[in-house]
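Peer 1: Going letter by letter, the sequence shown gives residues 8 to 121 in our numbering.
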Amino acid sequence: MLNKGQIINAKVTSIVNYGVFSEVYTEDGELIAKGLIHISELSDFFVRDINSFFAIGDVIEVQVLEFDAPKKQVKLSYKALHPELLKGSENKIQETGDGFSRLEDSIDDSINNN
8 MLNKGQIINA
18 KVTSIVNYGV
28 FSEVYTEDGE
38 LIAKGLIHIS
48 ELSDFFVRDI
58 NSFFAIGDVI
68 EVQVLEFDAP
78 KKQVKLSYKA
88 LHPELLKGSE
98 NKIQETGDGF
108 SRLEDSIDDS
118 INNN
């Protein structure tokens, strides 16, 4: 049984343009549910390439938003556990070709290169 707000591990099974599909297992390897992390639950910022976040087979820590036990389906959030991906966070980030980086790191790099 999964509960709203619970923090769990999920295995990435496929990546599509609107989100990430995953599976949640018991410690014994029994499938509990199949899940979706919608693109809006990855980051508050624009996500150009979901593949910059995860690869198929990755095991990631996520938070349960909703669980439908009869259907064995779960809605998950990645950004809920990563405050740097939320708008208004103290650590501002910007998208780079390789995903996201903190803005202050980019500023430091540009100052040091001049």
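Think of the CB as a built atom: it goes at the ideal place given N, C-alpha and C, for glycine as much as any other residue.
#1: Quick one: what does DSSP say Ala76 is sitting in, helix, strand or coil?
#2: Work out the CA separation of Asn58 and Ile22 for me, nearest whole Å.
#3: Can you give, in chain order, each stretch of the beta strand (DSSP E) that sits fully within the segment 14-78 and has at least 3 residues?
#4: Please state the DSSP three-state secondary structure of Ile100.
#5: Report the rounded CA-to-CA distance for Pro90 versus Leu83, giving the unit in angstroms.
#6: Could you check the C-alpha separation between Gly64 and Thr33 for me, to the nearest Å?
#7: Comparing C-alpha positions only, which one of Leu49, Ser50, Lys86, Leu43 sits nearest to Ala17?
#8: Compute the distance between the beta-carbons of Ile46 and Gly26, then report whether it is under 8 angstroms.
Peer 2: Once the coordinates are examined:
#1: Taking the first residue of the sequence shown as position 1, residue 76 is located at position 69. Coil.
#2: Numbered from 1 along the sequence shown, position 15 holds the residue referred to as residue 22. Numbered from 1 along the sequence shown, position 51 holds the residue referred to as residue 58. Linking Ile22 to Asn58 through their CA atoms gives a straight-line distance of about 7 angstroms.
#3: Within the segment 14-78, the runs of beta strand (DSSP E) that reach at least 3 residues and sit entirely inside it are, in chain order, 14-23, 26-32, 38-45, 66-75.
#4: Taking the first residue of the sequence shown as position 1, residue 100 is located at position 93. The pLDDT assigned to Ile100 is 48, lower than 50, so where the model puts this residue is not dependable, and the model offers no usable value.
#5: Sequence index remark: in the sequence shown, residue 90 carries index 83 (1-based). Sequence index remark: in the sequence shown, residue 83 carries index 76 (1-based). C-alpha separation (whole angstroms): 16 angstroms.
#6: The residue you call residue 64 lines up with position 57 of the sequence shown. The residue you call residue 33 lines up with position 26 of the sequence shown. Their backbone Cα atoms lie some 16 angstroms apart in a straight line.
#7: Here the question's residue 17 lines up with position 10 in the sequence shown. Residue Leu43 is the option with its Cα nearest to Ala17.
#8: Counting from 1 along the sequence shown, the entry for residue 46 is found at position 39. Counting from 1 along the sequence shown, the entry for residue 26 is found at position 19. Cβ distance < 8 angstroms, so Ile46 and Gly26 count as in contact.
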